[in-house]
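What follows is a set of notes on a single structure, which appears directly below.
Chains as they are written, first to last, in the UniProt record's numbering: chain A, 1 to 159; chain B, 1 to 296.
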């Protein structure tokens, strides 16, 4: 077993893991935050997306030991029920999810996109969600939600 | 967890540490780069490590110029390759790698994590990187306690998931010579967004007027071939027949053949290859044309 330190959503945590333990399993089971979903375990679906040092990764394709010392941001940190992140609000208002399984990964991916580029073009938006599989919506509402989150961010930034 | 003995895990702080960790290593020692391919392979039991050497803390990143070549650290991720592709001519080797990186399947999460050296070392025949490295005439710098050696890309890829890297070696750097390419084109032909490609093709317009083409995903290893310029256009059946013959010969020369798999049978791959090469060549010709007009 290897002892690793993680800063998860601003809180320092220390957990013991087998070196083969996947980051997604460590987040869900050792850290205890189950908002990050286990989907395909092949790096395809994106349901397990978390931000590691501000960059989105598929946490099923990262060993927990490799993240020793890293800063993690998971879906639990994105907003609260009373104070949704603009990306969450946009997905809600545009009906951009149905079963919700892909949603935590989708929201964090879009959050990273907007943090990097507050005014992404259509191609950037399509590229950004191309690693997150949604089998409910057909992506139309998702693309509308991302455009709406972009507009909301732009308006909030206006002096 | 598979129940085998827990593998020994090390994450050396530099290349010397990696080389030391690999001394006497056997096939069970697994190098972990970005992890995007080898970690899922471990999850599904395709790879069962007796020892894990994590390259994530060893540096091995960055892009520098060295005697007429661009040298890329093996742990350089796709996002960094994209970010580095600014103010470079259309014939620069990074231009081709950036084109490939932009189309990597799996979204920004994979571009943030997947690495050039990792993709080369894993040698999945359907990945973008092996074909691009062969097109570039890249040399792969392998380090071990016995020293450093360079292997040309064409000799590095021995087959599906098989390379010339020995178990005690680590791919440290990739040397991309600034050759005679004026502009690059790249086409990845896949039938669905999240699918593996059926055939990939990189094409360069060369200073002497000829074309160099590389094929990926077509066989168990990538191949390069020289193709004459299409004087009657890329739709000319005679030119396409030349491409088809050249591709078949290049594969045969390497002891390879078009593969059958769930995506396409060998007959389909052979038939579609001249079409995909034609599209890559058209992209390269457009790039060279823009360059020419920019100068005029």
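C-beta: ideal position from N, C-alpha, C; glycine also. As the structure is a computational prediction, the values presented were derived from the model and not from experiment.
Taking 9 Å as the cut-off, decide whether the C-beta atoms of residue i and residue j are in contact.
{"i": "residue 23/A", "j": "residue 51/A", "result": "no"}
{"i": "residue 218/B", "j": "residue 269/B", "result": "yes"}
{"i": "residue 19/B", "j": "residue 143/B", "result": "yes"}
{"i": "residue 56/A", "j": "residue 112/A", "result": "yes"}
{"i": "residue 207/B", "j": "residue 135/B", "result": "no"}
{"i": "residue 137/B", "j": "residue 179/B", "result": "yes"}
{"i": "residue 43/A", "j": "residue 61/A", "result": "yes"}
{"i": "residue 41/A", "j": "residue 40/B", "result": "yes"}
Using three-state DSSP, classify residue i as helix, strand or coil.
{"i": "residue 184/B", "result": "strand"}
{"i": "residue 50/B", "result": "coil"}
{"i": "residue 1/B", "result": "Confidence is the limiting factor: at residue 1/B the pLDDT is only 46, short of 50, which leaves the residue's position unreliable and the question unanswerable from this model."}
{"i": "residue 211/B", "result": "strand"}
{"i": "residue 16/B", "result": "helix"}
{"i": "residue 294/B", "result": "helix"}
{"i": "residue 101/A", "result": "coil"}
{"i": "residue 143/B", "result": "strand"}
{"i": "residue 3/A", "result": "strand"}
{"i": "residue 71/A", "result": "strand"}
{"i": "residue 82/A", "result": "coil"}
{"i": "residue 8/B", "result": "strand"}
Would you say residue i faces chain A, with C-beta separation under 9 Å as the test?
{"i": "residue 109/B", "result": "yes"}
{"i": "residue 78/B", "result": "no"}
{"i": "residue 9/B", "result": "yes"}
{"i": "residue 194/B", "result": "yes"}
{"i": "residue 99/B", "result": "no"}
{"i": "residue 113/B", "result": "yes"}
{"i": "residue 75/B", "result": "no"}
{"i": "residue 52/B", "result": "yes"}
{"i": "residue 152/B", "result": "no"}
Consider the Cβ of residue i: report whether some Cβ of chain B lies at a distance smaller than 9 Å.
{"i": "residue 19/A", "result": "yes"}
{"i": "residue 112/A", "result": "yes"}
{"i": "residue 136/A", "result": "no"}
{"i": "residue 148/A", "result": "no"}
{"i": "residue 34/A", "result": "no"}
{"i": "residue 65/A", "result": "yes"}
{"i": "residue 46/A", "result": "yes"}
{"i": "residue 131/A", "result": "yes"}
{"i": "residue 78/A", "result": "no"}
{"i": "residue 42/A", "result": "yes"}
{"i": "residue 143/A", "result": "no"}
{"i": "residue 22/A", "result": "yes"}
Around the C-beta of residue i, are 16 or more other C-beta atoms found within 10 angstroms, so that it is buried, or is it exposed?
{"i": "residue 23/B", "result": "exposed"}
{"i": "residue 191/B", "result": "exposed"}
{"i": "residue 92/A", "result": "exposed"}
{"i": "residue 195/B", "result": "exposed"}
{"i": "residue 129/A", "result": "buried"}
{"i": "residue 260/B", "result": "exposed"}
{"i": "residue 37/B", "result": "buried"}
{"i": "residue 155/B", "result": "exposed"}
Within 8 Å: the Cβ of residue i and any heavy atom of the ligand ADP?
{"i": "residue 64/B", "result": "You won't find the ligand ADP in this model; it holds no ligand whatsoever."}
Please give me, in chain order, every unbroken run of the alpha helix (DSSP H) with length at least 4 that falls completely inside the segment 192-260 of chain B. 237-253
Ordered list of alpha helix (DSSP H) runs contained in the segment 74-140 of chain B, each at least 4 residues: 78-84, 93-102, 108-113, 116-122 and 128-136
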